[in-house]
Each structure stands twice: as C-alpha cells, then as structure tokens.
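J.:
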Amino acid sequence: MSNQSLPAIRVNQIGYAAGLPIEAAALAEGPFRLTDAQGRVIRLLDGAKCHLDEASGDHVRLLQLGTLPEGDYALEGGGEKRTLIVRRQPWRTVGNALIKGLYYQRCGCALEEKHAGVYAHPACHTKAAADWERPDVFREVRGGWHDAGDYGKYTGPGAVTAAHLMYAFQLFPEGCGDKLNIPETGNGVPDILNEARYELSWLIGMQRADGAFHHKLTKARFAPFIMPQDDREPEYLMPVSHCATAAACACLALGSRVYRPYDEAFADRMLRASLAAWQWLSSHPDFVPFRNPEGVRTGQYGEQTDADDRFWAACELYAATGDEGYRLAAEALYARGLTPTRFGWADVSGLGALCCLTDLKERAGGILFGRLPEDFLRGCEQALALSARSGYGTALAPDHYVWGSILPVLSNAMAMIIGERLTGRTDFRDAALRQWHYALGLNALDLCFVTGFGERQVLHPHHRPSGADGIGAPVPGLIAGGPNQRFPYPGTREKLAPDTPPAKCYLDETPSADTNEIAIYWNSPAVFTAAYFNMITR
C-alpha cells in the first residue's frame, strides 16, 4: 500500500482506554465528527489547520477527543470514516502477547504445540559450544532467547531485556501478572518472571571462571533463513567483554532481589555471579571495546564506553547488598556525565537511574537521589517537547529514525512513565501514551508494529522462524524496528523514493532487516509500557 493511499485518519488500531485521553491523527482540515454506535454525535471538531510534520512530510493534526466510556465509535471527516474502539482494558491481550513473544524466541528447548500452537518446533542449538579463543574447549550453555531475527544470543542485550521485564513486574505487577500458557505456568511464580528466568539461567552460564562474561554465543556467520532446529553449524563462546560483564553483573544483582521471594537459592546464585563479575571489573578498570574476531560476522554490539554499564551494576549491587562502596562507585561513574533517561542496550544509564529512583530512593544519597532526579526530569521534559513538536505526537527527532527506531520511542515512553510516577504530572502520562499509540498504529505508516495485531499488520518481519516455517502469518507478539533513514540497506534505498521522509523509510519485507527486524530488547520496553497502562486502567 502506498503512502498516498493510506487513510486520512490514523488511530490506535488495538483500541483506546476508557478514562484516558483519546487522540487520533487527521491528515485533512475539514471538520470532524465523532458518533457512537447508535449514530449520535458525541463530538464536533472544527476544521483547524494541519501543520507540516517534518519527520513524515505529512500535513497533520492531532484531534483531541477527550475521554469516552466503553463502546464503539466512528470518527468521520475529510471524506473518510474510521472506527474507534474504547474498552476498560484494551491492551491486556497485546501486553501478554509481547511477553509471550519472548517465549517463541526460546533456544535450546522444544516449543510444544500445547504452548506454541502452529509455531511449535523441536529443540534447537543443543550441542556444546567451543570457546572461540580455545577451540578445543567446549561448554554446554543451553537456553536463553534468540536475540532478534537471527539465532545468536548476546549477553548485554539479553541482560537489558530481562531487566525491563523485571522492572515492569516490580513497578506494575497488576499490569503484567497474567498466565501466558508457557511451560512454567501455574508454578506459583508470575509468568513474566518465569519467562525472564529462562534468560537469566542462560546468562549465568555465560560467565567465565574468573567472573567475566562472554560477549555472545553465536555462529561465525548468520544462518540462512531456516528453522532453528535446522541450524546445525558450530556455535562459539566469543571473547569476554567489559560491557557484557557489567550488564550481566547489574541484571543478576537485580534478579537476586526480584526472585528472592520465590527461590532463595536461585537468588543467591545470581548474587554470587554478580559479585564475581564486579570483582573482575574492578581488576580490569581500563575499558577495551569489543570487536568481532576476524572471521566472525554476527552482531557486534560494540560500545565506546562501559561507564553506563558499570554505573547500572554499582546501583544494583548497592541495592542488593547495602555496601556503601557500590554507592560511591555509582556516584563517581554518574559524575562522568551519564544520561539517566536512556534504556536501550547501548546506554543503560536509565536502568541505573531506575534502581535509584524506585528502589534505593533516599538511600541513594545526595547525588543519586538529589541531583539525579533533577537530571532525569529534565530528560523527561526533552522527550515531552519532542512529542509536542511532532504532528503525530512521536517523541523522536526527524534525524533519529535509525535502525530500531521503535527503541528510542519506547525508551522515551519509559522515561515519561517514571516521570509521571515521580511527579504525578499527567502531561508526562499523556505523552507516554502517544508513544504507545505510535507503536499500535497512530503513525505515518498507519501500521501496528506488533505482529498479529491491528487493522494493518506487519506481515513479513525479518525473523527466520516466521520466514521459514511455511505458515502465512508471522510469529505473533513481536515488535518490528520501524522506519530507518539513517542506516538503510542499499536495497531499501532503491525501493524507496530518494525524498522519502524519515518516518516513512520502512518496508514490510523479509529481507529488510534495516527496517523490519524484530529484537527482544524492542519487545521488552513495549512490555514495560503496556504493563504501566494496563495497571492504571484496571
């Protein structure tokens, strides 16, 4: 479908929540009217001018429809009509699907039909992996999640994903506590934590005897588009890295707190692994960036500093142990000028901030509960301003539509959700809600980015099981990366007009990893966002 043939009204295609502000985007200036199921006019909106949205090139305006009771409505104007669905809890199903999407990414075990339905498959990647630096040494490190559309498993991104899930449950348990029909369902532990534990157990296995963590467990090259059980090339434990060690250290310290009420032995195991990782980091203070060894072509996930990872680790270890040395380390690292509203794999400063703001609180001390909250709220204001400048309410600058642009959008949603929790400000809540609307269809593409959902769905994600299983519909509950103007493939550029605006640089095609790949650490901030809105609408 071309952009020219898209409807002139854009909506959250899953629905809206009764009691929260309802908005739709209009690409027409004529008057609009909202009617209920009986055809009665509920709202009349004048023909205010549309304004140019730089990111999309659209002339667009957001229609403010106020709050509405449960029901089905029709929005008409500009010669078009669009249905609006309003429910008390419209996003419970999609929130659950985003968590279960991670179950479909499980590695090392069979996905049985009773849990996976038509997406069942035999166990994959069950053989021991060779140490890349000592190829005659083999270790069995089974489990974990496939990272993205490929079958690699990466320590840092996996740690961030599990942390998003754990914080979602810690902060908004009522919004993400449903049973999900996974193998562990009914064991007395919430399923979001059951799913996160599958990754945490693998993460522990990625630790070397000296406390350091291997950066990743992958093949030398990406597999072709085959099913995971057919991917039988040798796997390798790639060299250790500072960032992977620090991220794992932080995540496992967090896990030791979250799982202690459910399994004290597992909590202790995670804390021991975290303490050993910190000891290695302390003994290796000089950062060395990870680079793929020669001959390796899988994802590099390289970073220019480990200060943010170490900061997060110090915060979580202080929360887990109460040892003042970790607080002092966190303060020194924060003084390097970290950005506390970043929640992606490349900058985890926000996760350290989250620990300080929601767990440590006053115990964090004058810097981490004095200066840091002020810095955090300034970051929230910046995200709020981005949303206000966008014709679609999207908190993303036009030049920031990069590979995985859904991540900065949802990272800003996470920041503003925490901003609302700290201040009670509804403008933060409403701007965070606009990012959720963006993910679910209120955008320049009129596309719901979550597979299996929406009037216009992602049908061809860059995801090997979805492309190789012979099933028409892709694996559900996976969120696509979205428009990418900054780092597109040559093939993507060829298929898009040279003047395509950033917010429309997208192809729903399997080869388009640059715009249509999925990734576990894109699902997880969506889970966090869904958990918050599911909690406040229950």
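In our numbering, the protein residues as written are -7 to 530. For glycine and all other residues, C-beta sits at the position ideal for the given N, C-alpha and C.
1. Quick check: what's the CA-CA separation for I6 versus S458?
2. Can we say the region 221 to 238 touches the region 186 to 193, given the rule of at least three CB pairs closer than 8 angstroms?
3. Assuming G396 and A511 are in contact, meaning their beta carbons sit under 8 angstroms apart, how far apart are those beta carbons, in whole angstroms?
4. Inspect the beta-carbon positions of L60 and A16 and report whether they are closer than 8 angstroms.
5. Do F24 and L55 count as a contact pair if the criterion is CB distance below 8 angstroms?
6. Assuming contact is defined by CB atoms lying nearer than 8 angstroms, are A115 and E105 in contact in what I supplied?
7. Taking K106 as part of the alpha helix (DSSP H), name the residues at either end of that continuous run.
8. Note down, one range per segment and in chain order, each beta strand (DSSP E) of at least 3 residues found wholly within the region 1 to 79.
9. Exposed or buried, which one is L425 when buried takes at least 16 other CB atoms within 10 Å?
10. Three Cβ pairs or more, each shorter than 8 angstroms: is that satisfied between the region 167 to 184 and the region 131 to 142?
11. Can you have a look at N4 and say buried or exposed, based on whether 16 or more other CB atoms are within 10 angstroms of its CB?
12. Measure the C-alpha to C-alpha separation of K145 and T290 and round it to an integer number of angstroms.
13. Specify, as a first and last residue, the run of the beta strand (DSSP E) that C450 falls within.
14. With H, G and I counted as helix, E and B as strand and the rest as coil, what does DSSP make of R98?
15. Put T529 into one of helix, strand or coil per three-state DSSP.
16. What did DSSP end up calling K119 once you bin it into helix, strand or coil?
17. Would you say V110 touches the ligand GDP, meaning its beta carbon is less than 7 angstroms from a heavy atom?
18. By alpha-carbon positions, which one of D183, L378, H207, Y159 ends up nearest to Q292?
19. Near K171, which residues of its chain fall below 6 angstroms by C-beta distance, leaving aside the five closest residues on each side in sequence?
20. Looking at the strands, I want to know which residues DSSP matches up with D339.
21. Is there contact between the region 512 to 520 and the region 73 to 80, where contact requires at least three CB pairs shorter than 8 angstroms?
22. Answer yes or no: do L(-2) and D438 have a C-beta to C-beta separation smaller than 8 angstroms?
23. Check each candidate in V288, G314, G39 and name the one with the smallest Cα separation from E68.
24. Determine the direct distance from the alpha carbon of E486 to that of T443, and round the result to whole angstroms.
25. Whose C-beta lies closer than 7 angstroms to the C-beta of D202 among residues of the same chain, with five residues either side of it excluded?
T.: Reading from the atomic positions:
1. Position 14 of the sequence shown, counted from the start, is the residue given in the question as residue 6. Position 466 of the sequence shown, counted from the start, is the residue given in the question as residue 458. The alpha-carbon of I6 is positioned some 22 angstroms away from that of S458.
2. With fewer than three CB-CB distances shorter than 8 angstroms, the region 221 to 238 does not count as touching the region 186 to 193.
3. For the purposes of this step, residue 396 is identified with residue 404 of the sequence shown, where counting begins at 1. For the purposes of this step, residue 511 is identified with residue 519 of the sequence shown, where counting begins at 1. That pair is a contact at about 6 angstroms.
4. Translated into the one-based positions of the sequence shown, residue 60 becomes position 68. Translated into the one-based positions of the sequence shown, residue 16 becomes position 24. One thing to note: L60 has its Cβ no nearer than 8 angstroms to the Cβ of A16.
5. For the purposes of this step, residue 55 is taken as the residue at position 63 of the sequence shown. For the purposes of this step, residue 24 is taken as the residue at position 32 of the sequence shown. Yes, the pair counts as a contact, with Cβ atoms nearer than the cut-off.
6. Looking up residue 115 in the sequence shown gives position 123. Looking up residue 105 in the sequence shown gives position 113. No, the Cβ-Cβ distance between A115 and E105 is not below 8 angstroms.
7. For the purposes of this step, residue 106 is identified with residue 114 of the sequence shown, where counting begins at 1. Here the alpha helix (DSSP H) through K106 covers 105 to 108.
8. Annotation note: the region 1 to 79 contains the following uninterrupted beta strand (DSSP E) runs of length 3 or greater, listed N- to C-terminal: 15 to 18, 24 to 27, 33 to 37, 51 to 56, 63 to 69, 72 to 79.
9. The count along the sequence shown starts at 1 and reaches residue 425 at position 433. By the Cβ neighbour-count rule, L425 is buried, with 16 or more other Cβ atoms within 10 Å of its own.
10. With a cut-off of 8 angstroms, the region 131 to 142 and the region 167 to 184 do not count as touching, because too few Cβ pairs lie within range.
11. The residue given as residue 4 occupies position 12 in the sequence shown. Here N4 is buried, its C-beta having at least 16 other C-beta atoms within 10 Å.
12. One-based indexing of the sequence shown puts residue 145 at position 153. One-based indexing of the sequence shown puts residue 290 at position 298. In a straight line, the C-alpha of K145 is about 10 angstroms away from that of T290.
13. Stepping through the sequence shown from its first residue, residue 450 is reached at position 458. Inspection of the sequence shows that residue 450 is occupied by Val rather than by Cys. In the DSSP assignment, V450 falls outside any beta strand (DSSP E), carrying neither H nor E.
14. Residue 98 sits at position 106 when you count from the first residue of the sequence shown. Strand, per DSSP.
15. For the purposes of this step, residue 529 is taken as the residue at position 537 of the sequence shown. DSSP, read as helix, strand or coil, puts T529 in coil.
16. Position 127 of the sequence shown, counted from the start, is the residue given in the question as residue 119. DSSP places K119 outside both helix and strand once states are collapsed to three, so it counts as coil.
17. Because no ligand of any kind appears in the structure shown, any question about the ligand GDP cannot be addressed here.
18. On the sequence shown, residue 292 is found 300 positions in, with the first residue counted as 1. For Q292, the nearest C-alpha among the options comes from H207.
19. Along the sequence shown, read from residue 1 onward, the residue named residue 171 stands at position 179. The beta carbon of K171 sits closer than 6 angstroms to those of T177, D183, all from its chain and outside the five residues before and after it, given in chain order.
20. Residue 339 sits at position 347 when you count from the first residue of the sequence shown. G336.
21. Flag = no, the region 512 to 520 and the region 73 to 80 do not touch.
22. Position 6 of the sequence shown holds residue -2. Position 446 of the sequence shown holds residue 438. When the beta-carbon positions are compared, L(-2) and D438 come within less than 8 angstroms of each other.
23. Here residue 68 corresponds to residue number 76 of the sequence shown, with the count starting at 1. Answer by Cα proximity: G39.
24. In the sequence shown, the residue the question calls residue 443 occupies position 451. In the sequence shown, the residue the question calls residue 486 occupies position 494. Spanning the two alpha carbons is a distance of roughly 25 angstroms.
25. To locate residue 202, count along the sequence shown from 1; it is residue 210. Cβ neighbours of D202 beyond the five flanking positions: W272.
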